[in-house]
Amino acid sequence: MIDTAMILAAGRGERMRPLTDKMPKPMIRVGGLPMLEHTLARLKAHGVTNIVVNAHVFAEQIVDQVKGRAQVIVEDRLLDTGGSVKNALPLLGSGPFFVLNGDSLWRDGPQEPTLGRMEGRWGADRMDALLLLHPLHKVIGREPKDRGDYFIEPRGRLRYRGQAPLSPYVFASVSICQPRLFRDSPDGPFSLLQLWHRTEAEGRLHGMIHDGDWFHIGTPQALATAERVLAERVPG
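Heads up: the sequence shown is residues 58 to 293, going by my numbering.
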């Protein structure tokens, strides 16, 4: 069982201002709870016991929120997604681990919880990273500029959109990674996308399609949409 996870919670969320003038984006409430709490609840339900959270903007709020439930790394500068996970590797151990955005918000599909589905799909012998994907046309809070991120090739391998005008799936802010992914990675700030491009070229980047709802909460307007949808639909 994958019992370790990294939650990325260091960013401000500039487009969510003025809400983020006083709090980091993962602390914004939706459905009655901070977005960070939704992520923690999913991890707890899956049985994850070793949780690491990074923080930078309004770091004390993150520290207070997760006290006693997660280890917090307060970054003195933003390290981007890849740099933050690499910085946390000593706390994440030698096995595979989940990586989740602190503002991730999804609803499980009808068959099985999403994290369990991902773990069932995971194969360390053939993957360095497994990404949760969601159909672009089903994204709740989709913005006109959103063009998708990936195509799915045979056997679940992924191909990045690149210069294509559209691709059918967006990255849904949850992945499983293993430490091998970070070999020879740079020091300091860098994006996980840089490592995903490399492992894609090696045939070791895979994806799984999410079968529930997935919310893109990038603006206050999208937050209002998420609140409306959560109020209308039966919890899943």
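From the three backbone atoms N, C-alpha and C, an ideal C-beta is built for every residue, glycine too. Here the structure is a predicted model, which is why all the values come from computation and not from measurement.
Apart from sequence neighbours up to five positions away, the residues of its chain that approach S232 with a beta-carbon distance below 6 Å are V156, A186, L188, ordered along the chain. DSSP, read as helix, strand or coil, puts G264 in strand. With a threshold of 16 other beta carbon atoms within 10 Å, Q168 falls short and is exposed.
Within the model, the alpha-carbon separation for M175 versus M265 is close to 7 Å. If you look at P277, you'll find it in the alpha helix (DSSP H) that goes 277 to 289.
Per DSSP, the beta bridge partners of W163 are W271. Note that the C-beta distance between Q235 and P153 is below 8 Å.
If you ignore the 5 residues before and after N158, its C-beta comes within less than 6 Å of the C-beta of L65, S230, all in its own chain and listed in chain order.
With respect to L223, R199 sits apart: the two C-beta atoms are not nearer than 8 Å. The continuous stretches of alpha helix (DSSP H) do not include A181, and DSSP gives it neither H nor E. When only Cα atoms are considered, P75 and T276 end up about 10 Å apart. In the three-state DSSP reduction, T256 falls in the helix class (H, G or I).
In this chain, the beta strand (DSSP E) harbouring T61 covers 61 to 65.
In this model, P225 and E210 are separated by some 12 Å (Cα to Cα). A direct Cα-Cα distance of roughly 14 Å separates A283 from M73. The closest CA to that of G150, considering only T61, R285, T256, is found on T61. Counting of Cβ neighbours within 10 angstroms places K143 among the buried residues, the total reaching 16 or more.
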